[in-house]
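Step one of this worksheet: look at the structure below.
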Amino acid sequence: MATIYAIKGLILEEVLLNLLRESGYNAIDAARNDSTLRDGSSGLEVKGRGCNHQIDAIADFTISPPFSYPIRLLLEAKFYQKNVGIEIVRNAVGVLKDVGEYWDVNNQNHFKSRYHYQYAIFTSSKFTTSAQRYAFAQDIYLIKLENNKYFKPIINEINNLDSTDFNGSADNSINIELSELRKNLRSSLKNREPNPMHQYQSEKLINIYELSIELGASYIGVIGNCFPIFLTPSSAFNIDDLIDDPMIRICWDNYKWLIVKRSARCPTLDEDDILFSFDLPEELFKLYSENNMLTNERALDLKQDFMSTIQIIFRRNDSNIMSSLKLKLDHQWIEEIRNRIQ
């Protein structure tokens, strides 16, 4: 038996994995000849020094930086009505430590494959303050989707799912094979073929598929060379426009962060002005707050200190060629606003 929240988290993970393909991440479907993985009875498992860990959402980064082992992302998505607490992050820290030390066992066979592991936790809600502080200290990446303008329709559609969408009963008991659901959804999204989803006889599940295909891609941006954000593009977005002019502005609009063209004027924005929407865990703001209230001047400090550059990596023209682009904040615009406030 599966819970509806486990199913929602699984669907969110698969949608995210598919969208991240355009940022250079390739989902791992099976262990094959990888000595660090095994196909377990309930799904894919990553071998650790102490034990094996079932982690179904795994993606390898297509670019290997110098002086580093290949980068492997372990992705976990939580679809809760409540905030994600520190216990989820503690588990991630333990897994990350154990899988990172698998090679350390006194067995020469374990030296065949080594990876630099990264762990990201996505949530449709919020993270508790303690979870955020602990994650920052332990290099676990937290990505909040709650106020992401262009990802929000997918969140809403997943939230509307209930047991009857999976041939379950009204009392929420769902007799479904999660591994089979994951396999079908991953295949549908990757191949842009909805047929495997029709067996669940759920119009809402088909809507999630269509919204994901329509969105097409999302990108991992890195603020200040250290902090990742999940950038979801608008329908008007064209990567070639940013290549020609990487200067941007950042607006805060009704609980949403928006990256806009430098010709745009906040807060009076046209939809064509918007490039991306993203969300941030609240603890980052508290670093720049006074009396738990983020003032206008402090918001400018946040932009200038943390967001002076945002680097993204993207796939060129549906090929396997990856490119890097550094978005630059329009500092003249920042100074104009600062002078107006003062």
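Numbered per numbering that gives the first Met the number 0, the sequence shown spans residues 0 to 341. For each residue, glycine too, the CB sits at the ideal point set by N, CA and C. Quantities reported herein were computed from a predicted structural model and do not represent experimental measurements.
(message) So the candidates are 160, 83, 159 and 144; which of them puts its Cα closest to the Cα of residue 129?
(response) 83
(request) Taking only the alpha-carbon atoms, compute the straight-line gap between residue 38 and residue 59 and give it to the nearest angstrom. (result) 17 Å
(message) Which same chain residues end up closer than 8 Å to residue 94 when comparing Cβ atoms and leaving out the 5 residues on each side of it in sequence?
(response) 45, 47, 52, 54, 73 and 118
(request) Can you tell me which of 267, 303, 282 and 217 puts its alpha carbon nearest to the alpha carbon of residue 151? (result) 217
(request) Find the nearest neighbour of residue 77 within the set 199, 154, 32 and 246, judged by alpha-carbon distance. (result) 154
(message) If you reduce the DSSP assignment to three classes, tell me which class residue 271 lands in.
(response) helix
(request) Figure out for me which residue from 18, 124, 197 and 276 has the closest Cα to the Cα of residue 81. (result) 124
(message) By the three-class DSSP mapping on this structure, what secondary structure does residue 96 have?
(response) helix
(request) Express the C-alpha separation of residue 236 and residue 268 in angstroms, rounding to a whole number. (result) 15 Å
(message) Just verifying my parser: in three-state terms, what is the DSSP assignment at residue 178?
(response) helix
(message) In whole angstroms, give me the CA-to-CA distance for residue 50 and residue 219.
(response) 30 Å
(request) Starting from residue 311, trace the beta strand (DSSP E) both ways and give me its first and last residue. (result) 308-314
(request) Report the rounded CA-to-CA distance for residue 288 versus residue 326, giving the unit in angstroms. (result) Note that residue 288 scores a pLDDT of 48, beneath 50, so its modelled location is shaky; the value from the coordinates is reported in the next line. Cα-Cα distance, rounded: 25 Å.
(message) Between which residues of its own chain and residue 290 is the CB-CB distance below 7 Å, once the five residues before and five after are set aside?
(response) Note on residue 290: pLDDT 44, under 50, position unreliable in the model; the coordinate value appears next. So no residue of the chain qualifies.
(request) Taking only the alpha-carbon atoms, compute the straight-line gap between residue 136 and residue 89 and give it to the nearest angstrom. (result) 11 Å
(request) Within its chain, find whatever has a CB closer than 7 Å to the CB of residue 302; leave out the 5 residues flanking it on each side and keep chain order. (result) 249, 328 and 333
(message) Across the stretch 183-197 and the stretch 206-214, are there enough close Cβ pairs to call them in contact, namely three or more that are closer than 8 Å?
(response) yes
(request) Just list the alpha helix (DSSP H) runs in the stretch 129-161, keeping only unbroken ones of 4 residues or longer that don't cross its boundaries, in chain order. (result) 151-158
(request) Kindly indicate the opening and closing residues of the alpha helix (DSSP H) around residue 233. (result) Taken as a continuous stretch (DSSP letters only), residue 233 belongs to no alpha helix (DSSP H), as it is neither H nor E.
(message) For residue 1 and residue 162, what's the separation of their Cα atoms in angstroms?
(response) 10 Å
(message) Closest to residue 313 by C-alpha separation, out of 5, 15 and 20, would be which residue?
(response) 20
(request) Ignore the nearest five residues each way along the sequence and tell me which others in residue 71's own chain have a CB closer than 6 Å to its CB. (result) 59, 114 and 116
(message) With H, G and I counted as helix, E and B as strand and the rest as coil, what does DSSP make of residue 417?
(response) Given a span of 0 to 341 for the chain in the structure shown, any question on residue 417 remains unanswerable.
(request) Check the C-beta distance from residue 279 over to residue 182 and give it rounded, since I have them as a contact under 8 Å. (result) With a Cβ gap of about 33 Å, residue 279 and residue 182 do not count as contacting.
(message) Judging by CA-CA distance, which residue of 132, 309, 255 and 270 is the nearest neighbour of residue 87?
(response) 132
(message) Quick check on the burial criterion: 16 or more other C-beta atoms within 10 angstroms. Buried or exposed for residue 192?
(response) exposed
(request) Tell me whether residue 80 sits in a helix, a strand or coil according to DSSP, three-state version. (result) coil
(message) Can you tell me whether residue 147 is buried or exposed? The criterion is at least 16 other CB atoms within 10 Å of its CB, across all chains shown.
(response) buried
(message) Can you tell me which residues form a DSSP beta bridge with residue 38?
(response) 43
(request) To the nearest angstrom, report how far apart residue 127 and residue 311 are at their CA atoms. (result) 28 Å
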